[in-house]
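Asker: For the record, the sequence lines run as chains F and X.
Taking this note's numbering, I'd label the letters of the first sequence as residues 269 to 760.
Taking this note's numbering, I'd label the letters of the second sequence as residues -11 to 356.
Glycine is no exception: its CB is placed at the ideal position from the N, C-alpha and C atoms.
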Amino acid sequence: MITITKLLVAILGVVVGIVFGAIPGMTATMAVAVFLPLTYAYDLETALWLLLALYVGGISGGLIPAILINIPGTPSSITTTFDGYPMAKRGEGERALKTGIVSSFIGGMISLVALWLFTPILSSAALKFSSVEKFLIILFALTVIAALSKGQMLRGIFAGFLGVLVTLANSFSVNNQYRMVPAFLKSKMSDGFQLLPCLIGLFAIAQIFEEAEEGMNFKIQKTDSELEGDVKFSLSDFKGQGVNVIRSSLIGTFMGVLPGVGGSAASILAYAQAKNFSKHPELLGTGVPEGLIASESSNNGLTGGALIPLLSLGIPGDSTTAVLISAFMLQGIQVGPLFITQNPHTWNTILVALLAANIIMFLVMFFPIKLISKIIYIPRTRLYPVIIMICIVGAYATKNGRIFDVWALLIFGILGYIFGKIKIPASCFLIGFILGDDLENYFIQSISAANGSLTVFFTRPIGWVIWLLIIASVAYAIWDDRKDKKKKAAAK
Amino acid sequence: MKKSVKRILALMTAAVMAAGMIGCSVGGGSSSAPAASSENAGTEAAAESGTSSLKGQNVRVVIGSTSTSGDSYMIADLVTRYLSAEMGFNGKVDAIGNAAALEEMQNQKGDGTTVMMFHDMTFLSVLFGAVDEAYSLENMTVGPRIGQNPGACFGAAAEDNWNSLADVTNYIKETGSDVSFNIESGATSHLAFAAYYLWVKETEGEEVASHIKAIVGGTTAEKLQRLWDRNADVIYGDTSAFQQYTEEGVDAQLKMTMFGTCGEVEGLDVTSMADEGVTFEGAPFEFAKDFCMYFPKDMDAGVLAEYEAAMKKVTENPDFQKDMAALYYNTLSADEVGVEASKEYIYAKRETCKALIEQAPSLDDIAF
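What follows is the structure, encoded as structure tokens:
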């Protein structure tokens, strides 16, 4: 039953979640983890309303800094920066934010419908995806590097591999041996470099270094009040984007359904497919709603999707649902294959709470966004010191307070600055960094189950389909790159 | 800043504070108590009188796992809540992982504001060489034991019809096929696996044992997926995590059997390794996971005594015993949680494990 208390905790959850999502270094997972002890005070239903609201708010809030200051608030909003920030620089910040929020809402609702109606089917489908298929899906997501590094493909591929290499500097779980880790860092790097310091170092700190060098002369091309009507937000921005929004939401949902495949991979894959299927792929990355829609609808599509394996198989779909499982356990409820049939009331509560969280998220974000979008007009000399402080706090909080992560933030900031100088795409490095761990994990799982035989990657029907998609994606990127080069040569 | 924005911000802050207070009032015990001077070290008298020098202070409880749903988090969280109420501090569990938790024990002051609560992996990771010797028990203070989880067990797909380790051994003998066990290197599963391997080698011979293979690594969720993919034949985990997959109505691909627990689990009809006759050096193999408090080496003796006194009260609290039983964990007696008894027990257990590890096969040799 919906009560005032539940609605109030949901509003609180969404707002706090958005704040967590919007602060670089803070994530939805952290929001849920921080509020978990609070749920002792509530019954299971109220606790679920609060935690699901935090989850939805946390995933959604990441778009604000991604669009306004080119810093992804959460790892899953990396691809939001690709088109969101160029739009904001053109003075279309409000339009970009509203497009992102509507996309997030649609993505959330589509995933909710999938959760409501197709949980048994999707969980059965997820079981068909063994480590082989998961490895191939990660490989497929990596092909976005080829699409993103158009015009400098060699550099992009190098950066991607470098990212994979750096993410593997840790203690190898199979034999507990350290690799690529100096002896004096062993105690700090058993899990390797953390994603959040890497993410905000490469995006935020490197950008601040670059702009400091140029004298902070950042200027918005036009203020939004000077813009013509056609670049202000309207629902017509979604005209012709029906397929994109549904495809991206479903990609997000399905990536959520696959346990162990990170949430960031969802938006990367959705963005890559939006580019592959676009009528004007050359425009993606220059500030068009199409890329923004793909990114935001997919990362919110993840929310309902990630709950599917949690509630039907008992294993979490992403890092946030891994924390959410504790809320059930602390209340003495076991989530797993019999959960829905044995707990129909709790199941209904989850659906209603998720619906309410998405609606509240939309209302809380959409209407005050005009105010929030003004952030972009704050002079950089005032804004950046605050951002640096927030980034340091975020990095420090990554592993519950380690100064090593603050140093890592600085190291990746310098690395990002150097990348900018030698024209290596930092986004490709980051994608390699994000996906590298899963790539290795599923590769090892696959070949260890096949007694070391690599043929295992070519013997499964679902695998063949993914191979075709990988080949098509790479071939298209190469063809597109060559076409572009020819066009440029002809113009000269 | 506009008035309306200020109002919204004030309202939001008030809402966050209100929710925090509700939570603290229920779960945080006497969290509103005034802070005691942090300079005051604990005293024996304080411990005996039931007061605590940590009253009102924040205490960070680190665990050697990064999961918030495993037994490490569950036990640490439960004990922390009861200790918070007993000693009047604000305790919070941080799931930071083994290496990081051990590092905290080397870096933090021994004033009781940082505690490590973890199971046998604390010393097993040193014995297996997963972490440096610098993190050995000699370089920290063993505090009171806090509970026991006897429920770690082996699990297999139900379609294999294996209901005991003997069934697995018989399958190997009859078919000559390899059987893969998914375990974690340097963890309690490694030890249970080694005990089974050595037992088979001793009772059935080297040829049969040579068919026992190890797949290393993975969380419980990953191990379950390996089992469902049939990429591992046997997995190792907690009975509380596996039990639901053994029930009627579960899909055939997910359905599993449990066997070979490391100790007796009340309320569960699963044979233990000792029941099956698994022995090590002539004695029945029993290896319930023992959870214990660990502190930095220079721990204040007075504060340690306060923790000991409080833990003795907690372990005798019927509510605590009920909460532990609900999770299938064993509560210890007040004598067992005493610091001296705990230290003696943990050191002795380490010696047993050391002997087992010395005889255990290298995972490199038996990797699947």
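Mind checking if residue 223 of chain X is an interface residue toward chain F, Cβ cutoff 8 angstroms exclusive?
Answerer: Taking Cβ atoms only, chain F never reaches closer than 8 angstroms to residue 223 of chain X, which makes this a no.
Asker: Enumerate in chain order the residues of its own chain whose CB-to-CB distance from residue 563 of chain F is below 6 angstroms, with the five nearest sequence positions on each side excluded.
Answerer: Excluding sequence neighbours, residue 563 of chain F sits near 347, 348, 535, 539.
Asker: With DSSP as the reference, label residue 363 of chain F as helix, strand or coil.
Answerer: Of the three classes helix, strand and coil, the one that applies to residue 363 of chain F here is helix, per DSSP.
Asker: Between X/134, X/49, X/313, which lies nearest to residue 300 of chain X when the distance is taken from Cα to Cα?
Answerer: If we check each option's Cα against that of residue 300 of chain X, X/134 comes out closest.
Asker: Excluding the 5 residues flanking residue 665 of chain F on each side, which residues of the same chain have their C-beta closer than 8 angstroms to its C-beta?
Answerer: 293, 294, 298.
Asker: By DSSP, does residue 728 of chain F sit in helix, in strand, or in coil?
Answerer: It is coil, neither helix nor strand.
Asker: Would residue 583 of chain F count as contacting chain X if we go by Cβ distances under 8 angstroms?
Answerer: Yes, its Cβ sits closer than 8 angstroms to a Cβ of chain X.
Asker: With a floor of 4 residues, list each alpha helix (DSSP H) that falls wholly inside the segment 332 to 413 of chain F, ordered by position along the chain.
Answerer: Counting whole runs of 4 or more residues, the segment 332 to 413 of chain F contains the alpha helix (DSSP H) stretches 346 to 357, 361 to 396, 399 to 410.
Asker: Please return the same chain residues whose Cβ sits closer than 6 angstroms to the Cβ of residue 352 of chain F, not counting the five positions on each side in sequence.
Answerer: Answer for residue 352 of chain F: 334, 335, 364, 560, listed in chain order.
Asker: What does residue 201 of chain X pair with, by DSSP beta-bridge criteria?
Answerer: X/168, per the DSSP bridge assignment.
Asker: Using a beta-carbon distance below 8 angstroms, is residue 214 of chain X in contact with chain F?
Answerer: Cβ-Cβ to chain F under 8 angstroms: yes for residue 214 of chain X.
Asker: Looking only at its own chain, which residues have a Cβ that is under 6 angstroms from the Cβ of residue 70 of chain X, when we skip the five neighbours before and after it?
Answerer: If we look at residue 70 of chain X and ignore the five residues flanking it on each side, its Cβ neighbours are 302, 308.
Asker: Applying the 10 Å Cβ sphere with the 16-neighbour rule, what's the burial state of residue 351 of chain X?
Answerer: It is buried - the Cβ of residue 351 of chain X has at least 16 other Cβ atoms within 10 Å.
Asker: Whole-angstrom Cβ separation of residue 601 of chain F and residue 579 of chain F, contact assumed at under 8 angstroms?
Answerer: Incorrect: roughly 11 angstroms between the Cβ atoms, too far for contact.
Asker: With DSSP as the reference, label residue 24 of chain X as helix, strand or coil.
Answerer: Confidence in residue 24 of chain X is poor, its pLDDT being 35 and thus under 50, which makes the residue's placement unreliable; the coordinate value appears in the next sentence. In this structure, residue 24 of chain X counts as coil in the three-state DSSP scheme.
Asker: Give me the chain X residues within the contact set of residue 717 of chain F, using Cβ-Cβ distance strictly less than 9 angstroms, ordered along the chain.
Answerer: Correct list: 168, 203, 214, 217, 218, 219, 220, 356.
Asker: Buried or exposed: which applies to residue 138 of chain X, given that a residue is buried once 16 or more other Cβ atoms fall within 10 Å of its Cβ?
Answerer: Flag for residue 138 of chain X reads buried.
Asker: Going along the chain, which residues of its own chain have a beta-carbon closer than 7 angstroms to the beta-carbon of residue 10 of chain X, five neighbours each way excluded?
Answerer: Confidence at residue 10 of chain X is low in this model, with a pLDDT of 41, below 50, so its placement is unreliable and the value that follows should be read with caution. Within the same chain, residue 10 of chain X has no close Cβ partners at all.
Asker: Please work out which residues of its chain come closer than 7 angstroms, Cβ to Cβ, to residue 390 of chain F, disregarding the five sequence neighbours upstream and downstream, and give them in chain order.
Answerer: If we look at residue 390 of chain F and ignore the five residues flanking it on each side, its Cβ neighbours are 382, 525, 576.
Asker: Three or more beta-carbon pairs under 8 angstroms between the segment 161 to 171 of chain X and the segment 217 to 229 of chain X, yes or no?
Answerer: Yes, they touch.
Asker: Looking at the strands, I want to know which residues DSSP matches up with residue 82 of chain X.
Answerer: Partner(s): X/50.
Asker: Pull up the CB-CB distance for residue 589 of chain F and residue 379 of chain F, whole angstroms please, since I reckon it's below 8 angstroms.
Answerer: Actually they do not touch by this definition, with Cβ atoms about 12 angstroms apart.
Asker: Considering only the alpha carbon of each residue, which of X/282, X/337, X/244, X/41 lies closest to residue 273 of chain X?
Answerer: The candidate whose alpha carbon is nearest that of residue 273 of chain X is X/337.
Asker: Report, in whole angstroms, the separation of the C-beta atoms of residue 315 of chain X and residue 182 of chain X, which I expect to be a contact under 8 angstroms.
Answerer: No, residue 315 of chain X and residue 182 of chain X are not in contact; Cβ-Cβ is about 27 angstroms, not under 8 angstroms.
Asker: Using a cut-off of 9 angstroms between C-beta atoms, extract the partners of residue 459 of chain F located in chain X.
Answerer: Per Cβ cutoff of 9 angstroms: 54, 85, 87, 88.
Asker: How is the beta strand (DSSP E) around residue 278 of chain X delimited, first residue to last?
Answerer: Counting along the chain, the beta strand (DSSP E) containing residue 278 of chain X begins and ends at 277 to 284.
Asker: Count the other C-beta atoms from every protein chain shown that fall within 10 angstroms of the C-beta of residue 116 of chain X, then say buried if there are 16 or more, exposed otherwise.
Answerer: Residue 116 of chain X is buried by the Cβ-count criterion.
Asker: Can you tell me where the beta strand (DSSP E) with residue 244 of chain X in it begins and where it stops?
Answerer: Here the beta strand (DSSP E) through residue 244 of chain X covers 244 to 247.
Asker: Against residue 233 of chain X, what residues of chain F qualify as contacts under a CB-to-CB distance less than 8 angstroms, listed in chain order?
Answerer: The contacting residues are 582, 604, 605.
Asker: With a threshold of 6 angstroms on Cβ separation, who are the neighbours of residue 371 of chain F within its own chain once the five nearest residues in sequence on each side are excluded?
Answerer: Hits under 6 angstroms: 561, 564, 565.
Asker: Please state whether DSSP places residue 308 of chain F in a helix, a strand or coil.
Answerer: Residue 308 of chain F: helix per DSSP, three-state reduction.
Asker: Say whether chain F places a C-beta atom closer than 8 angstroms to the C-beta of residue 72 of chain X.
Answerer: Chain F contact via Cβ: absent.
Asker: Assuming contact is defined by CB atoms lying nearer than 8 angstroms, are residue 368 of chain F and residue 324 of chain F in contact in what I supplied?
Answerer: No.
Asker: What residues from chain X crowd round residue 647 of chain F, counting only those whose CB sits closer than 9 angstroms?
Answerer: None at all; the shortest Cβ gap to chain X is about 17 angstroms.
Asker: What is the DSSP secondary structure of residue 250 of chain X, reduced to helix, strand or coil?
Answerer: Residue state, collapsed to three classes: coil.
Asker: Just to check my reading of the structure: residue 625 of chain F and residue 301 of chain F have Cβ atoms closer than 8 angstroms, yes? What is that Cβ distance to the nearest angstrom?
Answerer: Rounded, the Cβ-Cβ distance is 17 angstroms, inconsistent with contact.
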